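Chains as they are written, first to last, in our numbering: chain A, 1 to 337; chain B, 1 to 337; chain C, 1 to 337; chain D, 1 to 337.
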């Protein structure tokens, strides 16, 4: 019974059907196909504003390409210390940009807050001797399963823009956040001041379907050359684009995220006081001690350790296709601890 | 009627079935799945020797990662002037390696030859002031649809190895070459001295299925970190790996390539004296004049211009799923010119 | 009366004489001269062990080349948050290495301590998803004018080596530290576990004379190619090398540093309770309030603000050629505050 | 008797005096000194137009920083196959820019010509798949001791600008070219269409004194950050700047170059039919056979081999401080061959 990660999940029927539909006949390569060509309009409808959209095959590529496009090699990017770009991408932003600096900041629930960012910027006045403050990146939902409310994003973005910084969002789990907030996709992105978004579908039912979405279309700049140069221009782009179209044009994104979130909430409820963070998306973080973890594993539950070695912490991630019986079994086992 | 490129083709039934099969249940991410874990063995059987194999999603990524792993930032890589790494990757090898130098060489049919390579190496004795000769890369089949016989590869590799250079093969169309030669996969790779291979399946029936194959397994070095850092470690690796397994474990590779080659040969036969290169794989290069090209296009044939502007040259590429009626129609139209 | 920085100082007589001596006749370029050839032996005597030494023209180049040689593009380097590599090099280590990550750590007096480093390493177990812990860099004397005792360096180096990390020292002001400690150059470098040293002479009487000193000579690797490629192989190397030879072969280094340290100590004594850090080298950090700073400036004293805007903090740096009358005038003015 | 290279030469009296003059008192670091601040005006007078000038310590740094500032990582730069940037900088332009492509072109006397450039550009129409044509770089005097007349430069620059390319000149030996042409510095630089110049003084009497001169001042862009980040912002910039000021404000540049050129011309005259290139600057290229080379060396003449191994070719370089007796001795020995 797998609670390792939502990247363990299968591809959902709508997106698999979209791949089949895109396979009906030959078509032009490198994005000159009707699926890729339709992305701007479909995402424009989804977000309620004009956007420029580029499909890529991984979230790391989306983040690193987005940042490298808007940040020079000597730029500083402010990010939470738990952010995927900081912890889980083997230095991809540094690589893609030619050496940008990620400045790690603290914050509850893996969320940045405007006050911390402001203090940091005040303490690092740029000169020719320093890296140059250029962007902020936040993750929605965060690496600790928390969700930024629109106002928190807007406060960060206001500060960032006032200081001349661009604002990027890592939306690997944006669908989970949207379902929790019940707000429009616009409310947590461009309306709140997000300039560029890494939009993820892979964790929520896709095969390999991520997108970079530019709300500030002037920031597209040389993105297409950087993508090609990084080996991320897919020759058969239509298969990624077809997934993305199906994802935002049907309710696949919300239904899948809704299922995952509900399962996580159910698990969170079963954790009681051991819960480390409120469950706001599809991830659950607990401190139950090493013996309890061993006991759960003995019962067939699979999940990752969390925190430092021997911290007794664990992470459970629920996926769109999580078997309800597995979820219930885990809840009973947690309650029995 | 499309003769643009084999990347316009659809996904073949065997590989689509493999995707479905990999979708039957959740599994571990990032390559810790049974499909990815089986790649070394399956490719080992295919090539008749122990190999280490990594799936990636594009040929550009395969080439650039392979070269960056075996070449330092100040390394020189010798390649044909028409090679994909030189002409069609927007500088990906330079980017992935941190600035390697591609030294472009001439050669008939987009093939390197040992004599040219030797003269070039002799004329550029390395010192601390120069880029350092490190690798040779050849393309099989070449960008002009030609096929290196095993002995030509072996001659190049012998020279390269004697000079301390590694040998890489861009095998985006290796299946087409193998079908033409009728030899074993070993004969044109490790037996001939290839150290690392970019193995392509996308153009020949895959969705997005390329692999880097290390015959010199000690050269794997930090490949996995470089791949992750470049955003090319797929979280749901199983879907690429399942395609690759199906491709090399069934006769999909040879049947698909055989069909494409046969169509190209048929087209080549129809070209008569206008043929620029012998047709040895699935590409046909002709000089028929701009009026003839316009006439063909008016009849619904789609293909790329070749050579300089107004050269009257054209390229026709046949795919595994080329409609035989389209091929016949093109042949008749060419014969009628 | 200048207390801005020791880089405001002039060139001392011994080093200027060395430049003249090196100018007596033509000689080979790019280091094939007798001054450069003598560096290994002279520095070997200075440090009491066999070393390999390379002259460069700036401290930033020394640090960045040293780190890029021993750290891969995806490596993590642990440094104090106040370190020159972190604050004052515009991202040079990231640039030279192709994207390494500087992990900033806290520590009193801008000194790293082994306990903090250990906690940090424990909290970041490396995997293919993370940057790879590779090196620690410390600054002697530190950016806050403090000096690591040999035992503190040894404790850090022991931990680092036990974890497989290399240890680099930024010795832009190593002479000032040596004079304070009264120990041998060996005691705070290779005997304490330093693998590679950026050795600075520019701030202490040189024109442009820095060196990278490898105690672990196997770590030299491709340093020479990286230096050339970075434009730091001087065609007329002899002028830098002659300065370095004079610096370590005479008592210029100790006499110059002794003068600067004495002046700083005198200033520190005049600061009383406003002192922020013990004065252990040639820098003095105080919190005296903005009005007092304005008053000092009105009297003709030149110095940099320190800390956040309006913090009332200031930095005074004493140089080898500091006019004793200026020092005395500053002391009296400080005492009068 | 040294004819290896002009980088073997000593520092001339005027520039050594300038170093002394700059050493009279402490001053601000990092270019905030009166010598560095005076560069724009002094070079403006020298070139007869407003310029922005930055001192650096090597010609490789000047070239690589200039190109990296005006060329993106995926840019193509057209250069002669014998150019210093291609042959002698260990890939510095690729490193500084993050991977630009140097496209090597042929041309007599190591000179590019407009027709070859035009053919090359026509044959490489840019798309998202290719590196992007961005700049041309030429060397004055060339690596084969030839000098571009103003009209040849203007023809190249006109073509380059018409195609949207910037034009850079490597002026490591620009003084030698100016003396030969007898024209104004303007005539072979901005008046002919040069946008950015690497201005060399080191080979012609400097200690380490090179400059990047922007005629297109809008192209300065982020040059200062790139220079700092590359370790090429000298903390004691005044010593380089003082040399540059003396060089362009006195007749040191022309007198030194005149001497070197005259010596080379004298040597060239002695070579007769063995001369490979007309002697237009301070370098002489001959084919005299290996036995003759051995004989010359036996008589104490030092010089580099040229061309392929056993080609019988040699290079003699004359310096500003070449001993006339050595020159005469060489001439007699050559005539005696």
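Heads up, the beta-carbon is just placed ideally off N, CA and C, and yes, glycines get one too.
Predicted, not measured: the structure shown is a model, and the values here were computed from it.
Where the alpha helix (DSSP H) containing residue i begins and where it ends
i	result
residue 253(C)	252-271
residue 84(C)	84-87
residue 21(C)	13-22
residue 249(C)	238-249
residue 94(C)	92-97
residue 36(D)	34-37
First through last residue of the beta strand (DSSP E) which encompasses residue i
i	result
residue 196(A)	196-200
residue 104(B)	101-105
residue 132(D)	132-139
residue 304(C)	304-306
Under the three-state DSSP convention, the category residue i falls into
i	result
residue 233(D)	coil
residue 327(C)	helix
residue 161(B)	helix
residue 313(D)	strand
residue 218(A)	helix
residue 6(C)	helix
residue 211(C)	strand
residue 286(C)	strand
residue 166(D)	strand
residue 338(D)	Given that chain D is displayed from residue 1 to residue 337, the structure contains no residue 338(D) and the question cannot be resolved.
residue 275(A)	strand
residue 193(C)	coil
residue 44(D)	helix
residue 300(C)	coil
residue 171(C)	strand
residue 122(C)	helix
residue 149(D)	coil
residue 179(D)	helix
residue 187(C)	coil
Proximity winner among the options, relative to residue i (alpha-carbon distances)
i	options	result
residue 198(A)	143(A), 67(A), 46(A)	67(A)
residue 12(A)	251(A), 313(A), 276(A), 280(A)	251(A)
residue 32(D)	218(C), 313(C), 101(C), 4(C)	4(C)
residue 226(B)	8(C), 129(C), 21(C)	129(C)
residue 163(A)	121(A), 89(A), 43(A), 249(A)	121(A)
residue 179(A)	262(A), 144(A), 246(A), 133(A)	262(A)
residue 138(D)	176(D), 171(D), 326(D)	171(D)
residue 389(A)	203(A), 228(A), 190(A)	Nothing about residue 389(A) can be reported from this structure: the residues present for chain A run from 1 to 337 only.
residue 305(A)	126(A), 315(A), 168(A)	315(A)
residue 112(D)	233(D), 87(D), 205(D), 155(D)	155(D)
Buried/exposed call for residue i, threshold 16 Cβ in 10 Å
i	result
residue 238(D)	buried
residue 59(B)	buried
residue 41(A)	exposed
residue 300(A)	exposed
residue 294(A)	exposed
residue 106(A)	exposed
residue 322(A)	buried
residue 24(A)	exposed
residue 273(C)	exposed
Residue i CB to nearest heavy atom of the ligand SAM below 7 Å
i	result
residue 1(D)	The ligand SAM is not among the ligands present in this structure, which contains no ligands whatsoever.
In chain order, each alpha helix (DSSP H) run of at least 4 residues that lies wholly inside the segment 48-90 of chain C
With a minimum length of 4 residues, the continuous alpha helix (DSSP H) runs that stay inside the segment 48-90 of chain C are 59-70, 84-87.
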